[in-house]
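Visitor: Going by the working numbering, the first residue of the sequence shown is number 1049, and it counts up by one from there.
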Amino acid sequence: MNDKLMIKVEGLHKYFDDLEVLKGIDLDVHEGEVISIIGGSGSGKSTLLRCINFLEKKNKGNIFVNGKKIRRSASDINKLREHVGMVFQCFNLFPHKTVLKNVMVGPVVIKKEDKAKAKERALEILKNVGLEDKADVYPAMLSGGQQQRVAIARALAMEPDVLLFDEPTSALDPELVGEVLQVIDDLAKQGMTMLIVTHEMGFAREVSDRVVFLHEGIIEESGEPKEIFDNPQSERLQSFISSIW
C-alpha cells in the first residue's frame, strides 16, 4: 500500500424512500490497499459498493476517483467504470457468449480495442485465473466457481485501478468458495486495490490491510484485521464477531 488516494468517499448518504441505508459514510482507499467490509444483513455493505460504482444514485455526499470528483453525467460514470471494476454475487455473465467473448466484450465495446489485441489479453487473463481451457465454452457449462472466476477475468480485462467485490462467494456451494478466494488472494499479492464485501471472516482476516465494520449505515469500527477480530472495541462489533466466529 502507498499514499496515493484511489477512492475517497465523503459524507455519503443513501435513501430508499423513507429508509436511510447509508448515514454519512467517509472512507479513503489507497493504492494497493485491500479493504474488507463486514457487517450484518441490511447494514448497507452492498449499497455502499453500488453507490461507489454509481449503480445506485447517492442522495448526498461526494465520491472521488484518482482525485477527480465523479458527477452524475454519463461520461463521468462511464469513465469511472473504466477505472473501477465490479464483481457481483451472481456472476452476471452473458449466457449467449463464450467465456472468451465474455472477457473480451468490455475492452472491445467500451474501450474500442482492436479485437486481436483484446483476444490476446483475454486469453492471458483466463490463464491467470486457471480457465484457459474453458475459453470456447458457454457459462452454463461451468461450475459456479468457474463462472465467478470468469466474472473476475472480465473485470480485469478492463485494466481497472480498483476492483469492487460484492459478496463474491455468497452464491457458491461451499466446496467452490476456495477457488474464487484464491484468485482474489493472488490479486492482493499482485498489489491490486480492492474493496471486498464478504462473509468469509477467515479470508478477511488473512487478506485485508483493513477491515471496516458497517452497522445500520454507519462505519461503527475500522482497523487492521488483528485489532478488529481480536480486540473489537464496540459492543456491536463484539456481538457480531461472537455470533459468526
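Think of the CB as a built atom: it goes at the ideal place given N, C-alpha and C, for glycine as much as any other residue.
Computed from a prediction, not measured in an experiment: that's the story for all the values here.
(1) Between 1265, 1216, 1238, which lies nearest to residue 1039 when the distance is taken from Cα to Cα?
(2) Quick check: is the beta carbon of residue 1091 nearer than 9 angstroms to any beta carbon in chain C?
(3) Counting pairs of beta carbons, one from the stretch 1231 to 1247 and one from the stretch 1201 to 1218, are three or more of them closer than 8 angstroms?
(4) Would DSSP call residue 1079 helix, strand or coil?
(5) Taking 6 angstroms as the limit between beta carbons, can you name the residues of its chain near residue 1102, skipping five residues before and five after?
(6) How would you write the range of the beta strand (DSSP E) that residue 1214 sits in, first residue to last?
(7) Are residue 1277 and residue 1192 touching if we call contact CB-CB under 9 angstroms?
(8) Determine the direct distance from the alpha carbon of residue 1162 to that of residue 1081, and round the result to whole angstroms.
(9) Thinking just about the alpha-carbon of each residue, which of 1068, 1059, 1077, 1060 is nearest to the one in residue 1256?
(10) Per the DSSP calculation, residue 1186 is bridged to which residue(s)?
(11) Whose C-alpha, out of 1259, 1120, 1093, is nearest the C-alpha of residue 1105?
(12) Are the CB atoms of residue 1288 and residue 1247 nearer to each other than 9 angstroms?
(13) Any chance you could list the beta strand (DSSP E) runs of at least 3 consecutive residues sitting entirely within the stretch 1250 to 1282, in chain order?
(14) Name the two residues that bound the continuous beta strand (DSSP E) containing residue 1057.
(15) Please classify residue 1050 as buried or exposed, where buried requires at least 16 other C-beta atoms within 10 Å of its C-beta.
(16) Measure the CB-CB distance between residue 1135 and residue 1196 and report whether it falls below 9 angstroms.
(17) Alpha carbon to alpha carbon, how far is residue 1168 from residue 1270? Give it in angstroms, no decimals.
(18) Return the Cβ separation of residue 1214 and residue 1291 in integer angstroms, given the expectation that the two are a contact with Cβ distance under 8 angstroms.
Guide: Let's see:
(1) Limits of the chain in this structure are 1049 at one end and 1293 at the other, which puts residue 1039 out of reach.
(2) Considering every chain present, this structure includes no chain C. It has just one protein chain.
(3) yes
(4) coil
(5) 1125
(6) 1210 to 1214
(7) no
(8) CA-to-CA, the gap between residue 1081 and residue 1162 works out to about 32 angstroms.
(9) 1077
(10) Paired residues: none, contrary to the question.
(11) Nearest of 1259, 1120, 1093 to residue 1105, Cα basis: 1120.
(12) no
(13) 1258 to 1263, 1266 to 1271
(14) For residue 1057, the enclosing beta strand (DSSP E) starts and ends at 1053 to 1064.
(15) exposed
(16) yes
(17) 41 angstroms
(18) Incorrect: roughly 22 angstroms between the Cβ atoms, too far for contact.
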